[in-house]
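K.L.:
Quick one: the structure is below, and I'll ask about it shortly.
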Amino acid sequence: MTRNTFRPIDRQKLRDAVLEQLLAAIDDGYYQPGNELPSERELMAEMDVGRPAVREALHVLEERGLIVIAHGRRARLRKPEQSGAAGLAQRITQASTAFLDHEFTSVEDLTEARHLFEAEIVWLAAERATPEGIALMRVALDENRRAISNAKAYLATDMALHRTIAALAGNLFCSAVGEALYAWLPRFHIRMVHVEGANLLSYDEHARVVERIAARDPKGAVKAIEAHLARSHPLYQRFGAQPATSLAAAPPGVVKPRARRGA
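So that you can map any letter, position 121 of the sequence shown is 120 in numbering that gives the first Met the number 0, and since no number is skipped, the others follow by simple counting.
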């Protein structure tokens, strides 16, 4: 048996390296809104990387709303289209997404942060949701139910429901951070929690959260979201980023609840 001399190169790391340099140039003001970025060929030559890494990095910038890519033209730094509170929310979302992309290292950190964030979100939503907001939440829940048999569609409606609930909290910062979190989470969420039967179980948990928010029951809403996160936590902890096809049922686990105000 011969010993392997070489190891595969992680193309994702190349993309991230390109992305980091592009973000630094934008943050440093080297490119202003409306300016064109260098061509793909120029970026390839300057960074000594292949076209896939450059294209993937540019695609990430486009997803974040930082650049506009038109066929046959160079990527262009997007001009601010919003001002005031809406513009602030957009910038918070972009900054949060950038942080999650480059600084995330621990599943434990993620589950703990989600516990703290979502428990507060559902509490505020139960206190502040308007009748119109509750109606939107129920529509999002119904879409989640109809997607149970389709893993990809279910994940999209799952995140959409969580975004809707975050908006009901009536807090600009929470809504913006929620937008970033729920846009980023599917990148590995689908590989960990979509085991057989998980979608139906997750939907039932979502329905209990929605029911408690609609009933103006903050304590009940927190209890429901804590149960939802406690059930999914061991899957995050056990499976990491393994492909969905390799997952098996995980033993139940508990995320220790935090003391709540008024509890």
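Yeah, the Cβ is synthetic: ideal placement off N, Cα and C, and Gly gets one too.
Suppose contacts are defined by Cβ-Cβ distances below 8 Å. Is Arg54 in contact with Val67 by that definition?
P.N.:
No, the Cβ-Cβ distance between Arg54 and Val67 is not below 8 Å.
K.L.:
Check whether the stretch 126-135 and the stretch 146-153 are in contact - that is, three or more C-beta pairs closer than 8 Å.
P.N.:
With the cut-off at 8 Å, the stretch 126-135 and the stretch 146-153 do not touch.
K.L.:
Return the first residue and the last residue of the alpha helix (DSSP H) that His205 is part of.
P.N.:
That run of the alpha helix (DSSP H) goes 197-213.
K.L.:
For Glu35, which beta-bridge partners are listed by DSSP?
P.N.:
Partner(s): Arg75.
K.L.:
Select from Ala213, Ala69, Ala74, Ala24 the residue whose C-alpha is nearest the C-alpha of Glu39.
P.N.:
Glu39 has its Cα closest to that of Ala74, out of Ala213, Ala69, Ala74, Ala24.
K.L.:
So, with DSSP's three-state summary, where would you put Val67?
P.N.:
Strand, per DSSP.
K.L.:
Under the rule that 16 or more other beta-carbon atoms within 10 Å means buried, what is Val138, buried or exposed?
P.N.:
Its Cβ having fewer than 16 others within 10 Å, Val138 is exposed.
K.L.:
Quick check: what's the CA-CA separation for Arg50 versus Leu57?
P.N.:
Straight-line Cα distance between these residues: approximately 11 Å.
K.L.:
Note down, in chain order, each residue of its chain lying with its Cβ closer than 6 Å to the Cβ of Ala159, except the 5 sequence neighbours on either side.
P.N.:
These residues qualify, in order along the chain: Ala139.
K.L.:
Just to confirm the assignment, what range does the alpha helix (DSSP H) spanning Gly177 have?
P.N.:
Residues 171-183.
K.L.:
So, is Gly261 buried or exposed, given that buried needs 16 or more other C-beta atoms within 10 angstroms?
P.N.:
Low local confidence applies: a pLDDT of 47 at Gly261 is under 50, so the model's placement there is unreliable, with the coordinate-based value given in what follows. The residue in question, Gly261, is exposed, as its Cβ has fewer than 16 Cβ neighbours within 10 Å.
K.L.:
At a cut of 8 Å, does the stretch 107-127 reach the stretch 197-207 through at least three beta carbon pairs?
P.N.:
No, because fewer than three Cβ pairs between the stretch 107-127 and the stretch 197-207 fall closer than 8 Å, the two stretches do not touch.
K.L.:
Buried or exposed for Pro217, going by 16 or more other Cβ atoms inside 10 Å?
P.N.:
The residue is buried, with at least 16 neighbouring Cβ atoms inside 10 Å.
K.L.:
Can you tell me the Cα-Cα spacing of Ala214 and Glu61, whole angstroms?
P.N.:
Spanning the two alpha carbons is a distance of roughly 40 Å.
K.L.:
Would you report the Cα separation of Ile212 and Ala69, rounded to the nearest angstrom?
P.N.:
Cα-Cα distance, rounded: 43 Å.
K.L.:
With distances taken Cα to Cα, identify the nearest neighbour of Tyr153 among Asp26, His205, Ala16, Val221.
P.N.:
Of the candidates Asp26, His205, Ala16, Val221, the one whose C-alpha sits nearest the C-alpha of Tyr153 is His205.
K.L.:
Using a threshold of 8 Å, state whether the C-beta atoms of Leu22 and Val48 are closer than that.
P.N.:
Contact: no.
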